[in-house]
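Down below is the structure, laid out as structure tokens.
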Amino acid sequence: MFVAIAAILAVEGGCAQILDIDGILVGTGGAATSSGVAGEGGAGSSAAAGADGEGGTPASAGGTGGDGATGDSASSETAAGTGGVGGTPACVSGSGGHGGTATAEPPWIDIPSMIYSHRGHTATLLPNGKVLIVGPGNGAELYDPTENAWSAAGSMATSPCSTATLLGDGKVLAVDGDTSSWPPQLYDPAMNAWSAAASMRQAHYCHTATLLGTGSVLVAGGYSSLAELYNPATDSWSDAGTMIRGRHSPTATLLGSGRVLVTGGDGINGSGALKSAELYDPSTNHWSSVAPMKQARYAHTATLLGNGKVLVAGGYDTENQHCLASAELYDPGTNMWSTAAPMGQARCAHTTSAHTATRLASGDVLVVGGYDDNVLATAELYVPEANAWFPVSAMGEARHFHAATLLRSGKVLVTGGGSSGGHLSSVELYTPEEPACAP
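Add 83 to the 1-based position in the sequence shown for the numbering used here, that's all there is to it.
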């Protein structure tokens, strides 16, 4: 059930994974996290100098101070009338909308399908506004929002649990989930071509990849406790220390201070989902423990909100063997976790995050799809000021392990994924709508 609005108006909170209005991912959760990212986020991935693709990770939108820095989210235009989108009543707050403006346009529309079917892929918004889709297995391709069309993006195949990170020079670093089979590759949008990057020091699988403020990329975890840094200027890898706990399928989020928060994941020694969290400090090249989460989880999403806090949502509970609807919020300024409002729908997976969470221009977070006994088509919106979730229109097709990318238009591109019928090539475009009964 969704939280009643009367019970939460005075409560502060947050939610899921993130891309900003420029499509840069602020938080990541392993594989398709447009790592971060997101990604996906990712799907996978924000005002920093770059980001992962759908599971990617750059800096906070709007914050200028340390980990606890705050910043204002952009506000979207409020609805001018009382009619909602697609027949859903819009709640107009009078001072600014949340998800977007209520219009006659359906919130979800089908657009041309991809050339290939993709499940567990990455989706990265490029500087030219196009979206790069990579893996697993099938070739890479590009979506052009201006032409509403797909085209081939060279020959590149990856396995699941891969990441794709937008670098400061506009190229994309793809790190495969199985580096023994596919070494890292670089995509050059200007040439529409791939080239080999330097080999990593350690194999990683279901890892995270985070673009740092220095321009280097931090790759951490993935059935390993080792971490390493990629320097695009020298095309070389260097040691980034050893994480306190080896883990796969965690999340990694770049904080406003430039440090990286890694949460949860599955222990590499068979210990199951983890509560532990840790910080990587680029200035010291050192890892340190932070307060543990309230709930052990992996295959969850992590979101850097405009106020500098990070919220994780959903995931899988190995102890009780069920999907989670719960969410919690980390405050870097106090090093404390607090309980956030739960999602209206449990969402999880048994590898990387199967749902996506995308921060809209309004600062609200759109969570889409995933799995809970069945593949989901449902979507919901998290409103940080209210610490509440609100249902929005469902997708036309149920999907998990898809990717979601915020376009420069403010719309969200949802690509591929899996369904009960197999891997998908279908694509849907979401226009933000005012959620029913939003404050």
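Note that beta-carbon positions come from the ideal geometry of N, C-alpha and C, so glycine has one too.
Between the alpha carbons of residue i and residue j, how many angstroms are there, rounded?
i, j, result
"leucine 459", "leucine 208", "25 Å"
"glycine 355", "arginine 328", "12 Å"
"histidine 506", "glycine 500", "6 Å"
"methionine 478", "tryptophan 191", "6 Å"
"serine 366", "aspartate 322", "14 Å"
"alanine 487", "leucine 294", "19 Å"
"tyrosine 363", "tryptophan 370", "5 Å"
"asparagine 314", "glutamine 268", "13 Å"
"aspartate 455", "alanine 432", "8 Å"
"alanine 462", "glutamine 428", "9 Å"
"proline 210", "alanine 382", "29 Å"
"glycine 61", "alanine 206", "The requested residue 61 does not occur in the structure, where the chain is confined to residues 84 to 522."
"serine 502", "tryptophan 233", "22 Å"
"serine 299", "leucine 312", "6 Å"
"tyrosine 465", "aspartate 318", "39 Å"
"leucine 301", "leucine 344", "12 Å"
"alanine 77", "glycine 353", "In the structure as shown, the chain begins at 84 and stops at 522. Residue 77 is therefore absent and cannot be evaluated."
"serine 372", "glycine 339", "18 Å"
"tyrosine 399", "arginine 380", "5 Å"
"glutamate 511", "valine 495", "8 Å"
"glutamate 411", "alanine 385", "10 Å"
"glycine 253", "serine 509", "27 Å"
"alanine 280", "alanine 471", "44 Å"
"glycine 391", "serine 308", "27 Å"
"glycine 348", "histidine 201", "24 Å"
"leucine 225", "threonine 246", "16 Å"
"glycine 296", "glycine 341", "6 Å"
"aspartate 449", "alanine 310", "Note on identity: in this sequence residue 449 is leucine, with aspartate being the wrong assignment. For leucine 449 and alanine 310, the distance between alpha carbons rounds to 31 Å."
"aspartate 193", "cysteine 406", "29 Å"
"threonine 291", "asparagine 231", "31 Å"
Name the residue from the options whose alpha carbon lies nearest to the alpha carbon of residue i.
i, options, result
"methionine 524", "Tyr399, Thr422, Gly353 and Ser332", "Past the edges of the chain, shown from 84 to 522, lies residue 524, and the structure says nothing about it."
"threonine 514", "Val345, Tyr413, Met419 and Leu489", "Leu489"
"arginine 284", "Ser436, Ala374, Trp320 and Lys254", "Trp320"
"alanine 440", "Thr401, Gly220, Asp349 and Thr334", "Thr334"
"serine 492", "Ile198, Thr229 and Asn221", "Thr229"
"proline 266", "Met239, Ser282 and Thr435", "Ser282"
"proline 189", "Ser509, Lys254, Ser476 and Val255", "Ser476"
"glycine 504", "Pro467, Asn457 and Val497", "Asn457"
"proline 272", "Val214, Ala292, Ala360 and Cys406", "Val214"
"tyrosine 199", "Gly220, Gly212 and Asp193", "Gly220"
Is residue i buried or exposed, if buried means 16 or more other CB atoms sit within 10 Å of its CB?
i, result
"glutamine 525", "Any answer about residue 525 is impossible in this case: the structure gives the chain only from 84 up to 522."
"glutamate 517", "buried"
"threonine 417", "exposed"
"serine 278", "exposed"
"alanine 316", "exposed"
"proline 195", "exposed"
"glycine 446", "buried"
"alanine 235", "exposed"
"glutamate 402", "exposed"
"glycine 203", "buried"
"alanine 444", "buried"
"glycine 397", "buried"
"alanine 569", "Outside the shown range of the chain, which is 84 to 522, sits residue 569, and nothing can be said about it."
"arginine 442", "buried"
"methionine 548", "Because the chain in this structure spans residues 84 to 522, residue 548 falls outside the shown range and cannot be described."
Please go through the same chain and pick out, in chain order, the residues whose beta-carbon is closer than 6 Å to the beta-carbon of residue i, but skip the five residues on each side of it.
i, result
"alanine 276", "Gly237"
"alanine 437", "Gly453, Tyr454, His483 and Phe484"
"alanine 408", "Pro425, Met426 and Ala429"
"lysine 358", "Pro375, Met376 and Ala379"
"aspartate 227", "Lys213"
"methionine 274", "none"
In chain order, what residues of the same chain lie with their CB nearer than 7 Å to the CB of residue i, ignoring the 5 residues before and after it?
i, result
"asparagine 368", "Ala323 and Gly324"
"threonine 498", "Met197, His201, Ala206, Ile216, His485, Ala486 and Val510"
"threonine 346", "Pro333, Thr334, Ala360, Met376, Ala385 and Val395"
"valine 451", "His438, Thr439, Ala462, Met478, Ala487 and Val497"
What does a CB cutoff of less than 8 Å around residue i pick up in its chain, not counting 5 residues either side in sequence?
i, result
"methionine 239", "Val217, Gly218, Gly222, Ala223, Ala257, Gln268, Tyr270 and Trp277"
"methionine 419", "Ala374 and Tyr413"
"isoleucine 351", "Tyr306, Ser307, Ser308, Gly329, Arg330 and His331"
(request) Would you list, in sequence order, the uninterrupted beta strand (DSSP E) runs of no fewer than 3 residues that lie entirely inside the region 429 to 507? (result) 439 to 442, 448 to 451, 462 to 466, 471 to 475, 486 to 489 and 495 to 498
(request) Scan the region 313 to 353 and note each continuous beta strand (DSSP E) run of 3 residues or more that stays entirely inside, going in chain order. (result) Counting only runs of 3 or more, we get 319 to 331, 334 to 337 and 343 to 346.
(message) Runs of 3 residues minimum, wholly inside the region 342 to 417: which ones carry the beta strand (DSSP E) assignment?
(response) 343 to 346, 360 to 364, 369 to 373, 384 to 387, 393 to 396 and 410 to 414
(request) Scan the region 242 to 296 and note each continuous alpha helix (DSSP H) run of 4 residues or more that stays entirely inside, going in chain order. (result) none
(request) Can you check the region 207 to 233 for any beta strand (DSSP E) of at least 3 residues that lies completely inside it and give the ranges in chain order? (result) 214 to 217 and 224 to 227
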